[in-house]
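6 is the number of the first residue of the sequence shown in the numbering used here; add one for each residue after it. Note that the Cβ used here is the ideal one computed from N, Cα and C, for glycine as well.
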Amino acid sequence: MRSAPVPFAAVWQNDRPLYGLLALALFVGFFYQLGAVPLFDLDEGAFSQATREMFLRGDFVSTYLNGQPRYDKPILSYWLQAASVTAFGVNEFAFRLPSALAATGWTLLVFLFVRRVGDARRALLAALSMASSLAVTVIGKAATADALLNLLLAASLLSLYLHLLEGRRVWLYASAAATGLGFLTKGPVALVIPAGVSLLYCLSRGEWRAWLRLTADWRAWAVFLLIAAPWYVVQYLREGGDFLQSFLLRHNLGRFQRPLEGHGGGWWYYILVLLVGVLPYTTVLLRVLARSRRLFADPLARYLLIWFGLVFVLFSLAATKLPHYLIYGYTGLFVLMAPELEKPGPIGWLLLPQLLFLGLLLILPGLVEIALPRVRDELVRTQLEGLAFAPAYYALLAAALALTLYFMRERRVPPACKIIASGLLLVFLVSNQVLPTVAAVLQQPVKDAGLLARRYERAPVMWGVNLPSFSVYSGRIAERREPCPGDLVLTRSARLPMLGVHELLYHRHGIALARLPPARGDHEAAIPAPAAATCSANAEVAP
Numbered sequence: 006m007r008s009a010p011v012p013f014a015a016v017w018q019n020d021r022p023l024y025g026l027l028a029l030a031l032f033v034g035f036f037y038q039l040g041a042v043p044l045f046d047l048d049e050g051a052f053s054q055a056t057r058e059m060f061l062r063g064d065f066v067s068t069y070l071n072g073q074p075r076y077d078k079p080i081l082s083y084w085l086q087a088a089s090v091t092a093f094g095v096n097e098f099a100f101r102l103p104s105a106l107a108a109t110g111w112t113l114l115v116f117l118f119v120r121r122v123g124d125a126r127r128a129l130l131a132a133l134s135m136a137s138s139l140a141v142t143v144i145g146k147a148a149t150a151d152a153l154l155n156l157l158l159a160a161s162l163l164s165l166y167l168h169l170l171e172g173r174r175v176w177l178y179a180s181a182a183a184t185g186l187g188f189l190t191k192g193p194v195a196l197v198i199p200a201g202v203s204l205l206y207c208l209s210r211g212e213w214r215a216w217l218r219l220t221a222d223w224r225a226w227a228v229f230l231l232i233a234a235p236w237y238v239v240q241y242l243r244e245g246g247d248f249l250q251s252f253l254l255r256h257n258l259g260r261f262q263r264p265l266e267g268h269g270g271g272w273w274y275y276i277l278v279l280l281v282g283v284l285p286y287t288t289v290l291l292r293v294l295a296r297s298r299r300l301f302a303d304p305l306a307r308y309l310l311i312w313f314g315l316v317f318v319l320f321s322l323a324a325t326k327l328p329h330y331l332i333y334g335y336t337g338l339f340v341l342m343a344p345e346l347e348k349p350g351p352i353g354w355l356l357l358p359q360l361l362f363l364g365l366l367l368i369l370p371g372l373v374e375i376a377l378p379r380v381r382d383e384l385v386r387t388q389l390e391g392l393a394f395a396p397a398y399y400a401l402l403a404a405a406l407a408l409t410l411y412f413m414r415e416r417r418v419p420p421a422c423k424i425i426a427s428g429l430l431l432v433f434l435v436s437n438q439v440l441p442t443v444a445a446v447l448q449q450p451v452k453d454a455g456l457l458a459r460r461y462e463r464a465p466v467m468w469g470v471n472l473p474s475f476s477v478y479s480g481r482i483a484e485r486r487e488p489c490p491g492d493l494v495l496t497r498s499a500r501l502p503m504l505g506v507h508e509l510l511y512h513r514h515g516i517a518l519a520r521l522p523p524a525r526g527d528h529e530a531a532i533p534a535p536a537a538a539t540c541s542a543n544a545e546v547a548p
């Protein structure tokens, strides 16, 4: 006689299957399709090329990008990329692997922390929601410093909370070590956020003396300085005041004073980023924020809310705005959302943000057609025209929409299971369809042009574009300058007539690779080459 099937709800209440689900989420969220699409410019291309140039120069202290000093970020993320490239070769997987490992460590760190201060089930739910949310998984697959910084910020702030809770100095020193590594990853932000959060938390509880005691601990400062200071000292001795001026004034303080590289936005910018970034958990987040006043009575919830609030306000006030800045405050939100996942509530509202986002992706081709006449930038318009949505794109999105609608009506599967499954589905779709579709237009032409440029002996130049991934794929240092006779030139297709006589080697989606004839005899007049000084090997960067 067969035994009756175990109800799915009963299976879900057992924690053991959730460990397997977490392993699946970590794979889909951070490793699936990791090397499947070309590097995205600017950031991925810039980090990867700067890492590659460390090998070319034999210099693993100072970073250079296309032959010019790169003072944007400190050294740690480059070292990790260099180690990965040494092990796996120069490819997209190797450049992105450190971020995937950092994001995995970040998720597991949250699991361990919540299990320590709460219980294993809440820890599993917090980790599962992190590893199946949109923004965390995107940044976890990016060849940049941000996944690593988020790991180290979480390590610093969670250790600091345990120190305040338990009074054990080992947690303070662990926080100092993580802060030192964070300072080596992205600079002052790794110190400002933990210091600000701990100060506001202690002030809110009338315990400002406790904050003074922890900041006055010389051993903690010694740990921080032993980790962070050596590279900065060596870099300053090698590069001088130019390094400090560019790194501290332009790339740190300057981001708060004026928009860098056109990355500005209104006061509402991070509200929209937040609502989209935590998908599919947007409704759960709104529940948490609606209860924030009551949650503030709990010490841990207060600490986590202050953490997110400080990051939100700090970067909303900054003139330079980028979506990944807000992720620095997401860790606490996922910890706060974990208990909300299993609370009863209307399942339709819970999955509505996911439904709307999938619907938006499904009608995206039509929206692109509507927007095209309004796009003035010729390169952007050409790229939008080149977007090709495969049948699999429509089929998978339609299936995802149907499954979401089914989840909204079905009553036997627990809500937490539904929304986590929805998150895994969303992350899969973004990795399997959305990013490859976008990359095919934005980055595949750059990669193809770079691989073609490898066949030529002369080093290429970039003119009117800033696409550092081209240097990665060409295997050369591609200067940004005015083209000269005999040059191999990567540029916008719209600029080709300005080159005069040239041989078109590659042309796709608004990106072109051309070769100019060498300067000799009558050809010189046909080539609008700039003055000889501009054509020297040390030419200044052109627009």
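Cβ-based burial, residue i [other Cβ within 10 Å; buried from 16]
i, result
"GLU484", "buried"
"ARG299", "exposed"
"PRO396", "exposed"
"ALA517", "buried"
"ASP382", "exposed"
"PHE35", "buried"
"ASN71", "buried"
"LYS452", "buried"
"GLY145", "buried"
"VAL318", "exposed"
"ASP151", "buried"
Under 9 Å between C-beta atoms of residue i and residue j
i, j, result
"SER474", "LEU44", "yes"
"ALA107", "LEU156", "yes"
"LEU510", "ALA30", "no"
"TRP312", "VAL202", "yes"
"LEU186", "TRP176", "no"
"ALA405", "LEU363", "yes"
"LEU154", "ALA195", "yes"
"ILE425", "LEU356", "no"
"ALA441", "GLN38", "Per the sequence presented here, residue 441 reads as Pro, with Ala not at that position. Contact flag set, yes."
"LEU401", "LEU434", "yes"
"MET413", "LEU341", "no"
"LEU162", "THR336", "yes"
"LEU170", "VAL122", "yes"
"LEU493", "ALA524", "no"
"ARG486", "PRO465", "no"
"LEU139", "LEU338", "no"
"LEU129", "LEU27", "yes"
"THR149", "ASP48", "yes"
"LEU189", "PRO370", "no"
"ARG497", "GLY455", "no"
"TYR178", "ARG218", "no"
"ALA376", "LEU366", "no"
Limits of the unbroken alpha helix (DSSP H) element including residue i
i, result
"GLU508", "Here GLU508 belongs to no alpha helix (DSSP H); instead the beta strand (DSSP E) covers 508-513."
"ARG174", "174-191"
"TRP226", "223-244"
"LEU291", "287-295"
"ILE425", "420-434"
"ILE198", "194-209"
"GLN359", "352-367"
"GLN388", "383-391"
"ASP48", "48-62"
"VAL278", "274-282"
"LEU410", "396-414"
Nearest-angstrom Cβ-Cβ length linking residue i and residue j, presumed shorter than 8 Å
i, j, result
"SER104", "ALA159", "Rounded, the Cβ-Cβ distance is 15 Å, inconsistent with contact."
"ILE198", "VAL119", "Their Cβ separation, rounded to whole angstroms, is 20 Å, which puts ILE198 and VAL119 out of contact at 8 Å."
"TYR274", "LYS326", "5 Å"
"LEU354", "THR288", "According to the sequence as given, residue 354 is Trp; it is not Leu. Right, the Cβ-Cβ distance comes to about 6 Å (below 8 Å), so this counts as a contact."
Any C-beta of chain B under 9 Å from that of residue i
i, result
"ALA225", "Checking the listed chains, one finds no chain B in this structure; it contains a single protein chain."
Residue i - containing beta strand (DSSP E), residue span
i, result
"ARG307", "Per DSSP, ARG307 belongs to no beta strand (DSSP E); it is in the alpha helix (DSSP H), 304-322."
"LEU495", "493-497"
"PHE463", "Residue identity differs from the one stated: residue 463 is Arg in this sequence, not Phe. Careful: ARG463 lies outside any beta strand (DSSP E) and carries neither H nor E."
"ILE332", "Unbroken run through ILE332: none, as it is neither H nor E."
"ALA444", "Note, ALA444: premise wrong, no beta strand (DSSP E); alpha helix (DSSP H) at 440-447."
"ALA519", "516-520"
Check whether the stretch 327-337 touches the stretch 276-295, counting contact only when three or more Cβ pairs, one atom from each stretch, lie closer than 8 Å. The count of Cβ pairs closer than 8 Å, one atom from the stretch 327-337 and one from the stretch 276-295, reaches three, so the stretches are in contact.
When you compare the stretch 75-89 with the stretch 45-55, are there three or more beta-carbon pairs, one atom per stretch, that lie closer than 8 Å? As far as the Cβ criterion goes, the stretch 75-89 touches the stretch 45-55, which means the pair count is three or higher.
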